[in-house]
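Here is the structure we will look at, set down as structure tokens.
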Amino acid sequence: MFVVGHKVVYPSRGPCLVGAVVRKVIAGQPGNYYLLTTLDDAGDSVLVPLDKMSALGIRRLMTKSELARLLGRLALSSVKVPRWHQRAFADLKRLRTGSACDLADLIELLTDLNERRPLGPYERQALVKARRILICARAEVAGESKHAAEERLDHVLEARKQRTAPPKAKTH
Numbered sequence: 018m019f020v021v022g023h024k025v026v027y028p029s030r031g032p033c034l035v036g037a038v039v040r041k042v043i044a045g046q047p048g049n050y051y052l053l054t055t056l057d058d059a060g061d062s063v064l065v066p067l068d069k070m071s072a073l074g075i076r077r078l079m080t081k082s083e084l085a086r087l088l089g090r091l092a093l094s095s096v097k098v099p100r101w102h103q104r105a106f107a108d109l110k111r112l113r114t115g116s117a118c119d120l121a122d123l124i125e126l127l128t129d130l131n132e133r134r135p136l137g138p139y140e141r142q143a144l145v146k147a148r149r150i151l152i153c154a155r156a157e158v159a160g161e162s163k164h165a166a167e168e169r170l171d172h173v174l175e176a177r178k179q180r181t182a183p184p185k186a187k188t189h
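In structure tokens, the structure reads:
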């Protein structure tokens with residue numbers, strides 16, 4: 018059970034604020050719903066049946082210690098780029114779970130791929146969405162602005178890129 022005022026993660030939507038419990042009749046069926054408001058700049062609201070929260074994968078927001086481990090993992094890891102059809106399916110699955118680790122893996126993979134070649138429209142959209150969700154989650158957990166969270170993510174990715182870049186050939 019979630020408490021009004023708590024922050025949760027709704028997969029593929031990102032961090033949300035749990036609002037009031039609302040009693041509504043939808044499709045002729047009365048029910049109780051949580052009013053969730055996304056914490057990104059859009060501020061969209063969605064009604065979620067109380068009894069469907071866990072089935073939809075809605076869970077608590079990560080903790081500060083989980084965030085620190087996630088950023089450390091992102092800074093150090095190296096993901097192999099699978100074939101496009103395997104990657105497209107895996108990308109969609111990662112976005113659907115909404116897991117911070119899955120989003121970080123997706124960001125890492127697509128950022129690395131973008132270094133090698135321009136991303137296609139779907140890949141670019143997936144990267145933008147994954148970044149938006151992870152940045153919003155980091156901002157909420159760390160209590161910082163979305164701009165600061167984005168700068169921190171970019172810093173981690175840039176530091177990782179510098180560490181994993183092949184050495185430049187010396188010219189004499």
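So the sequence shown is residues 18 to 189, counted in our numbering.
By construction, the Cβ of each residue, glycine as well, lies at the ideal position given by its N, Cα and C atoms.
Can you tell me whether LEU126 is buried or exposed? The criterion is at least 16 other CB atoms within 10 Å of its CB, across all chains shown. Here LEU126 is buried: its Cβ has 16 or more other Cβ atoms, across all protein chains shown, within 10 Å.
Leaving aside the five residues before and after GLY48 along the sequence, list all residues of the same chain whose C-beta is less than 6 Å from its C-beta, in chain order. PRO66
Output the residue ranges of the alpha helix (DSSP H) runs that lie fully inside the stretch 65-129 and measure 4 residues or longer, sorted by chain position. Correct list: 81-93 and 101-114.
Three or more C-beta pairs under 8 Å: does that hold for the stretch 52-71 against the stretch 83-90? no
What is the C-beta distance between ALA159 and LEU112, in whole angstroms, given that I count them as a contact (C-beta under 8 Å)? Between LEU112 and ALA159 the Cβ distance is about 22 Å, and since that is not below 8 Å, they are no contact.
Coil, strand or helix - LEU144 by DSSP: Here LEU144 sits in helix by DSSP.
So, with DSSP's three-state summary, where would you put LEU170? helix
C-alpha gap between GLU175 and THR114, whole angstroms: 26 Å
Any idea which residues DSSP pairs CYS153 with across the strands? Looking at the DSSP assignment, CYS153 forms no beta bridge with any residue, so it has no partner.
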